[in-house]
Amino acid sequence: MATIIDGKKISLEVKAELKEKVDKLKEKNVMPCLAVILAGNNPASQIYVKNKITSCEEVGIKSLAFTFGEDVSEKQLIELIETLNADKTVDGILVQLPLPKGINEEAVCSHISDSKDVDGFSPYNVGGLVLGRDSFESCTPKGCMRLIKSTGIDICGKRAVVVGRSNIVGKPMAMMLLKENATVTICHSKTENLAEITKEADILIAAVGKAKMIKADMVKNGAVVIDVGMNRTNDGLCGDVDFENVKDVAAFITPVPGGVGPMTIAMLMSNTIKSAEKRL
Ligand code: GUN
Numbered sequence: 081m082a083t084i085i086d087g088k089k090i091s092l093e094v095k096a097e098l099k100e101k102v103d104k105l106k107e108k109n110v111m112p113c114l115a116v117i118l119a120g121n122n123p124a125s126q127i128y129v130k131n132k133i134t135s136c137e138e139v140g141i142k143s144l145a146f147t148f149g150e151d152v153s154e155k156q157l158i159e160l161i162e163t164l165n166a167d168k169t170v171d172g173i174l175v176q177l178p179l180p181k182g183i184n185e186e187a188v189c190s191h192i193s194d195s196k197d198v199d200g201f202s203p204y205n206v207g208g209l210v211l212g213r214d215s216f217e218s219c220t221p222k223g224c225m226r227l228i229k230s231t232g233i234d235i236c237g238k239r240a241v242v243v244g245r246s247n248i249v250g251k252p253m254a255m256m257l258l259k260e261n262a263t264v265t266i267c268h269s270k271t272e273n274l275a276e277i278t279k280e281a282d283i284l285i286a287a288v289g290k291a292k293m294i295k296a297d298m299v300k301n302g303a304v305v306i307d308v309g310m311n312r313t314n315d316g317l318c319g320d321v322d323f324e325n326v327k328d329v330a331a332f333i334t335p336v337p338g339g340v341g342p343m344t345i346a347m348l349m350s351n352t353i354k355s356a357e358k359r360l
């Protein structure tokens, strides 16, 4: 039976470390500040934004929330972003995705200053990750790295397989593992013989958005399995990994919920503080 990686507990440890950093910033009269923009009525987005604001309060970051209806225009969003870009007291700007139908997300988000893009989604920050620079890193894969490191395994030289190639998770995840000298393979919906490849993984990351698709016979004995999936099914919330069976094969595994999820927000706090530290 695998050791369960407790993302909730680790996120609390991270937030406690971050609170100390915030206290030091405040001693120097820097008040870290995150602006969160929510447009439309997506219920999941509303919960995510609420959780982000609560986390800001927990670590002592000031949060500014801007909410718009479904009928918001690109122009309104862009004008707000430009105002926040120019505001020296704002360290991070986050536009919660998805935006309402008809709004071009890329056109809107491209206005966020690279130096305030605490989601790490901009071409500049993604490029910085690829080039190994100290840029803002996408929060979910950054949180996964912290969970992998919490197991104490040495990533260097290990075989890592990432299932999923999204811009927000799969691609940056692969780059972060490469940065730590893993041998990385990215698999996706067109991959042939997927199980053969996943079975070679010392570190397996599932980020596809398909409930319980990673079965026990696809996992190497003693692997570290990180489940980024968050699928709503008739049986409730579940990940991309068939947890009940994979836990008997893996050495370490993240649960859903309580694994990767809480880490994403902790890393958003970390990026916001990193941005605020540049004010010193
Ligand atoms: N929607 C779902 N996940 C995310 C995220 O990490 N950041 C933003 N901005 N929107 C999201």
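Using our numbering, you'd call the opening residue of the sequence shown number 81 and step up by one each time. Just so it is clear, CB atoms sit at the ideal spot from N, CA and C, and this is done for glycine as well. These numbers were taken from a predicted model, which means no experiment stands behind them.
Report the residue from the options whose alpha carbon sits nearest the alpha carbon of residue i.
i: Pro337; options: Gly319, Pro123 and Lys354; result: Gly319
i: Asp194; options: Asp328, Leu164 and Gly182; result: Leu164
i: Val241; options: Asn311, Gly339 and Asp307; result: Asp307
i: Met256; options: Thr231, Ile285, Lys196 and Leu274; result: Ile285
i: Lys229; options: Asn121, Phe332, Leu92 and Lys106; result: Phe332
i: Glu357; options: Ala119, Lys130 and Lys168; result: Lys168
i: Lys292; options: Leu98, Ala166, Thr352 and Asp315; result: Asp315
i: Ile90; options: Arg239, Met225, Val129 and Val210; result: Met225
i: Phe216; options: Lys290, Pro252 and Val243; result: Pro252
i: Glu154; options: Lys279, Leu144, Lys181 and Pro221; result: Lys181
By Cβ distance below 8 Å, which residues in the same chain neighbour residue i in space, the five residues on each side in sequence not counted?
i: Lys95; result: Ser135, Glu138, Val139, Ala346 and Met349
i: Ile161; result: Ile117, Ile173, Val175, Val188, His191 and Ile192
i: Leu98; result: Val139, Ala346, Met349, Ser350 and Ile353
i: Lys290; result: Gly309, Asn311 and Asp320
Can residue i be considered in contact with ligand 1, in the sense that its beta carbon sits closer than 7 Å to one or more heavy atoms?
i: Cys219; result: yes
i: Thr344; result: yes
i: Gln176; result: yes
i: Asp194; result: no
i: Asp171; result: no
i: Asp297; result: no
i: Asp320; result: no
i: Asp197; result: no
i: Tyr128; result: yes
Per DSSP, residue i is paired with what?
i: Asp307; result: Ala286
i: Lys142; result: Cys113
i: Ile266; result: Val242
i: Leu174; result: Val116
i: Phe332; result: Thr83 and Val304
i: Val321; result: Ile294
i: Phe148; result: Ala119
i: Arg226; result: Looking at the DSSP assignment, Arg226 forms no beta bridge with any residue, so it has no partner.
i: Arg213; result: In DSSP, Arg213 forms no bridge with anything.
i: Arg312; result: Leu317
So residue i and residue j are in contact, right, with Cβ under 8 Å, and what is the actual spacing, rounded?
i: Val340; j: Gly223; result: 6 Å
i: Val326; j: Val304; result: With a Cβ gap of about 11 Å, Val326 and Val304 do not count as contacting.
i: Lys108; j: Leu360; result: 6 Å
i: Lys132; j: Pro112; result: The pair is not a contact, with the Cβ atoms about 13 Å apart (cut-off 8 Å).
i: Ala119; j: Phe148; result: 4 Å
i: Val288; j: Gly244; result: 4 Å
i: Leu227; j: Met310; result: About 15 Å; that fails the 8 Å criterion.
i: Ile248; j: Ser218; result: 6 Å
i: Thr263; j: Arg239; result: 5 Å
Suppose the cutoff is 7 Å on Cβ atoms and the five residues either side in sequence are ignored; what does the same chain contact list for residue i look like?
i: Asp328; result: Met81 and Ala296
i: Glu260; result: Ile235 and Cys236
i: Ile84; result: Ile333 and Pro335
i: Tyr128; result: Gln176
Which same chain residues end up closer than 6 Å to residue i when comparing Cβ atoms and leaving out the 5 residues on each side of it in sequence?
i: Gly232; result: none
i: Asp199; result: Leu174
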